[in-house]
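Protein chains: 2
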Amino acid sequence: MPNRTVFFVSDGTGITAETFGNSILNQFSFRPHHVRRPFIDTVDKAHQVMREINHAAEIEGRRPIVFVTLIDPAVQAIVKENCNGLVLDLFNTFIEPLEAEFGVKSNHRVGRFSDVSKSQEYTDRIEAINFSLAHDDGQSSKNLLSADVILVGVSRSGKTPTSLYLAMQHGIKAANYPLIPEDFERGCIPSSLAAYKKKCFGLTIDPLRLNQIRTERRPDSKYASLENCRYEVREAETMMRREGIAWLSSTHKSIEEIATTILRDIRPDRLMY
Amino acid sequence: MPNRTVFFVSDGTGITAETFGNSILNQFSFRPHHVRRPFIDTVDKAHQVMREINHAAEIEGRRPIVFVTLIDPAVQAIVKENCNGLVLDLFNTFIEPLEAEFGVKSNHRVGRFSDVSKSQEYTDRIEAINFSLAHDDGQSSKNLLSADVILVGVSRSGKTPTSLYLAMQHGIKAANYPLIPEDFERGCIPSSLAAYKKKCFGLTIDPLRLNQIRTERRPDSKYASLENCRYEVREAETMMRREGIAWLSSTHKSIEEIATTILRDIRPDRLMY
């Protein structure tokens, strides 16, 4: 597939347009050039984007793909009517059937967020991020009572990024605790976790992959050696099985997939709200 | 608007369906009940979700709204043909015009992520998260050369969540440095930042809001007092102006909005790739 630019044009951050557009484009095998144009909320800015789209059309000799999430009808009209691109209007396509279904008109409110300083949901997300940071890597056992989830696993199994993702996207207070050789020798999970086993969720990882990841950080160390990785992973899995802690392997999974699985398994309420 | 459930049904994490569905629903003033059903990738699971949707329809006496991102035609058919909901098919609605435009068929690949352990983009995101954590709150001046962005601002102006968001979503190595009373007395930015002024971006905040946020953390402290908040914000803004550092106010902005603005202003390349 020759060059072809994809534009994501939005009156807000454009995150919705881009996330969604990418899911669609992933169904095709070529990688077009991406351009995100956020905060297009005036007629002037719309004209500017339109010129940019038309310039790309001319240079590339084919129509750019234009995903739009624009609310203001005047702004929308400029992009939709004057640009030489294939415009895919993400909002109106679905707003119309919903207006019919609900029997009410939509409110044409621009932007995903109104005023975050007044939003409890947003305040909770920020608080969850602070909590997850303060409880990263077993730093603190204080307030584990108020944790929603406690991730456990060997060093570099993916606990930190997953905790932060859970906090940032879902407002989940996710602590994380490393399982270390001392725990394996003692034969039980850290004592500070014992009372919270139901909130624990384990991450494991293929020893070969772990060896790769640890080697990048500390080449030629015992810590990174394949033998030690095999030992730690085996011991950690034995321990989680014995303690009745559910776990999954992070080897081939993104933090988004890991987080969604954790929510489904231990906080299904967070997928229903 | 009476009770009405919205389902987000996906063969992957359902994040695309939910993010997108929420943007659409935000155009209406009522808050329906949300249910996310991820990993619906078999005919059996599809039947189960369908029963759940039909059950909600019966209880509520009106059609649930069902946003679907399903690739497998067999799984899709079960949900689309048998459920008593208003099904909004996010994928096929746009895949068809794109197939026509590109002159190729889509590849019907299920899931947003293939195998993250082989993805450079994913590895970069994880590395960026580690970098941002190691360079949070001025913890380290090492490797600032490799930072993509350095956020500066008074304590609790939103630097940490924004840095982590930039790392997690965009693979941006975002360090952050607090501006503290010592800096104001000395009258210049921390010396470790002097060489990297072009990568600096400031966050400021309304002193009243700052006072509120700090009071929650340390009630009745000098740190949280309105007088001190006013002083710090004024000094920080004066300093950023003098040093030629661009800044924005985080008072009414979400981390998504702040991050998008930073990318647009100092790393526009990251909005084009």
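Just so you know, the protein sequences line up as chains A and L, in that order.
For the first sequence, numbering that gives the first Met the number 0 begins at 0 and goes up steadily by one.
For the second sequence, numbering that gives the first Met the number 0 begins at 0 and goes up steadily by one.
The C-beta atom is built at its ideal place from N, Cα and C for all residues, glycine as well.
In this text, all values refer to a predicted model and were calculated from it rather than measured experimentally.
Okay, do the segment 116 to 131 of chain A and the segment 85 to 100 of chain L touch, 3+ Cβ pairs below 8 angstroms being the bar? no
For residue 195 of chain A and residue 143 of chain A, I'd like the C-alpha separation in whole angstroms. On the first sequence, position 196 is the one that residue 195 of chain A refers to. On the first sequence, position 144 is the one that residue 143 of chain A refers to. The alpha-carbon atoms of residue 195 of chain A and residue 143 of chain A are separated by roughly 8 angstroms.
Using a cut-off of 7 angstroms between C-beta atoms, extract the partners of residue 121 of chain L located in chain A. Here the question's residue 121 of chain L lines up with position 122 in the second sequence. Within chain A, the residues whose beta carbon sits less than 7 angstroms from that of residue 121 of chain L are 253, listed in sequence order.
Opposite residue 152 of chain A in the DSSP bridges: which residues? For the purposes of this step, residue 152 of chain A is taken as residue 153 along the first sequence, with counting starting at 1. A:177.
Name the chain L residues that come within less than 9 angstroms of residue 65 of chain A, Cβ to Cβ? Taking the first residue of the first sequence as position 1, residue 65 of chain A is located at position 66. Close to residue 65 of chain A, with beta-carbon spacing below 9 angstroms, lies no residue of chain L; the smallest spacing is near 11 angstroms.
Could you confirm whether any beta carbon from chain L is found closer than 9 angstroms to the beta carbon of residue 68 of chain A? Locating residue 68 of chain A in the first sequence gives position 69, counting from the first residue. It does; some Cβ of chain L falls within 9 angstroms.
Work out the CA separation of residue 124 of chain L and residue 180 of chain L for me, nearest whole Å. Along the second sequence, read from residue 1 onward, the residue named residue 180 of chain L stands at position 181. Along the second sequence, read from residue 1 onward, the residue named residue 124 of chain L stands at position 125. Taking the straight line joining both Cα atoms gives about 34 angstroms.
If we ignore side chains and look at the alpha-carbon of each, how far apart do residue 26 of chain L and residue 93 of chain A end up? As a first step, residue 26 of chain L must be located in the second sequence, where it is residue number 27. As a first step, residue 93 of chain A must be located in the first sequence, where it is residue number 94. Cα to Cα, the separation comes out at about 11 angstroms.
Less than 6 angstroms between C-beta atoms, sequence neighbours within five positions excluded: which residues of the same chain meet that for residue 238 of chain L? As a first step, residue 238 of chain L must be located in the second sequence, where it is residue number 239. There are no such residues.
Look at the Cβ atom of residue 152 of chain A, then the Cβ atom of residue 202 of chain A, and state whether they are nearer than 9 angstroms. In the first sequence, residue 152 of chain A corresponds to position 153, counting from 1. In the first sequence, residue 202 of chain A corresponds to position 203, counting from 1. Cβ distance < 9 angstroms, so residue 152 of chain A and residue 202 of chain A count as in contact.
Counted within 10 angstroms of its Cβ, other Cβ atoms place residue 167 of chain L as buried (16 or more) or exposed: Taking the second sequence and counting its residues from 1, the one referred to as residue 167 of chain L is at position 168. Residue 167 of chain L is buried by the Cβ-count criterion.
Residue burial classification, residue 49 of chain A (beta-carbon count within 10 angstroms, cutoff 16): Here residue 49 of chain A refers to the residue found at position 50 when the first sequence is read from its first residue. Label assigned to residue 49 of chain A: buried.
Quick one: is residue 92 of chain A near chain L, going by C-beta distance under 9 angstroms? Along the first sequence, read from residue 1 onward, the residue named residue 92 of chain A stands at position 93. Yes, contact with chain L.
Buried versus exposed, by CB contacts within 10 Å (16 or more), residue 228 of chain L: For the purposes of this step, residue 228 of chain L is identified with residue 229 of the second sequence, where counting begins at 1. It counts as buried.
Assuming residue 204 of chain L and residue 156 of chain L form a contact by the criterion Cβ under 8 angstroms, report the distance between their Cβ atoms to the nearest whole angstrom. The residue labelled residue 204 of chain L in the question sits at position 205 within the second sequence. The residue labelled residue 156 of chain L in the question sits at position 157 within the second sequence. Their Cβ separation, rounded to whole angstroms, is 5 angstroms, which keeps residue 204 of chain L and residue 156 of chain L in contact under 8 angstroms.
Nearest by alpha-carbon distance to residue 54 of chain A: which of A:231, A:4 and A:230 is it? Taking the first sequence and counting its residues from 1, one reaches residue 54 of chain A at position 55. Closest option to residue 54 of chain A, Cα to Cα, is A:4.
Using Cβ-Cβ distances below 9 angstroms, what residues of the segment 150 to 164 of chain A are close to chain L? Listed in sequence order: 157, 159, 160, 163 and 164.
Meets three-Cβ-pair contact criterion under 8 angstroms: the segment 7 to 23 of chain A and the segment 62 to 69 of chain A: Yes: at least three Cβ pairs fall under 8 angstroms.
What does the alpha-carbon distance come out to for the pair residue 111 of chain L and residue 16 of chain L? In the second sequence, residue 111 of chain L corresponds to position 112, counting from 1. In the second sequence, residue 16 of chain L corresponds to position 17, counting from 1. Only weak support is given to the placement of residue 111 of chain L: the predicted model assigns it a pLDDT of 49, under 50, and the question is left unresolved by the model.
Kindly list, in the order they appear in chain A, the residues whose Cβ is closer than 8 angstroms to that of residue 271 of chain L. Here residue 271 of chain L corresponds to residue number 272 of the second sequence, with the count starting at 1. Correct list: 32, 33, 34 and 35.
Quick check: the Cα distance between residue 84 of chain A and residue 37 of chain A, rounded to an integer number of angstroms? As a working note, residue 84 of chain A is residue 85 in the first sequence. As a working note, residue 37 of chain A is residue 38 in the first sequence. Between residue 84 of chain A and residue 37 of chain A, the C-alpha separation is close to 18 angstroms.
When DSSP builds the beta bridges, which residues end up paired with residue 199 of chain L? For the purposes of this step, residue 199 of chain L is identified with residue 200 of the second sequence, where counting begins at 1. Note: residue 199 of chain L sits in a beta bridge opposite L:149.
Quick one: what's got a C-beta closer than 7 angstroms to residue 263 of chain L's C-beta in the same chain, skipping five residues either side? By 1-based counting over the second sequence, the position of residue 263 of chain L is 264. These residues qualify, in order along the chain: 270.
Jot down the residue ranges of each uninterrupted alpha helix (DSSP H) in the segment 55 to 119 of chain L, minimum 4 residues, whole runs only, in chain order. The segment 55 to 119 of chain L contains these whole alpha helix (DSSP H) runs: 72 to 81 and 89 to 101.
Give me whichever residues DSSP pairs with residue 271 of chain L in a beta bridge. Taking the second sequence and counting its residues from 1, the one referred to as residue 271 of chain L is at position 272. DSSP output for residue 271 of chain L lists A:34 as bridge partner(s).
In chain order, which alpha helix (DSSP H) runs of at least 4 residues are fully inside the segment 220 to 268 of chain L? Annotation: the segment 220 to 268 of chain L contains the following complete segments of the alpha helix (DSSP H) (minimum length 4 residues), in chain order: 225 to 242 and 254 to 265.
Pull up the distance between the alpha-carbon of residue 276 of chain L and that of residue 160 of chain L, whole angstroms please. Residue 276 of chain L is absent from the model: chain L starts at 0 and stops at 272.
Would you kindly work out how many angstroms separate the C-alpha atoms of residue 267 of chain A and residue 260 of chain A, rounded to a whole number? Here residue 267 of chain A refers to the residue found at position 268 of the first sequence. Here residue 260 of chain A refers to the residue found at position 261 of the first sequence. Using only the alpha carbons, I get a separation of about 9 angstroms.
Helix, strand or coil: how does DSSP classify residue 6 of chain L here? Counting from 1 along the second sequence, the entry for residue 6 of chain L is found at position 7. Three-state DSSP puts residue 6 of chain L in a strand.
For chain A, find out if any of its Cβ atoms is closer than 9 angstroms to the Cβ of residue 49 of chain L; answer yes or no. Stepping through the second sequence from its first residue, residue 49 of chain L is reached at position 50. Residue 49 of chain L does not count as touching chain A.
Is there at least one Cβ from chain A nearer than 9 angstroms to residue 111 of chain L's Cβ? Here residue 111 of chain L refers to the residue found at position 112 when the second sequence is read from its first residue. Unreliable positioning characterises residue 111 of chain L in this predicted model, as indicated by a pLDDT of 49, which lies under 50. A coordinate reading is not provided.
Scan the segment 193 to 226 of chain L for residues whose Cβ lies nearer than 8 angstroms to a Cβ of chain A and list them as they occur along the chain. 208
Counting only beta-carbon atoms, is residue 107 of chain L nearer than 9 angstroms to chain A? Locating residue 107 of chain L in the second sequence gives position 108, counting from the first residue. Answer yes: the Cβ-Cβ gap between residue 107 of chain L and chain A drops below 9 angstroms somewhere.
Within 10 angstroms of the Cβ of residue 42 of chain A, are there 16 or more other Cβ atoms? Answer buried if so, exposed if not. In the first sequence, residue 42 of chain A corresponds to position 43, counting from 1. Exposed.
With a threshold of 9 angstroms between beta-carbons, can residue 238 of chain L be considered close to chain A, or not? Along the second sequence, read from residue 1 onward, the residue named residue 238 of chain L stands at position 239. It does not; no Cβ of chain A falls within 9 angstroms.
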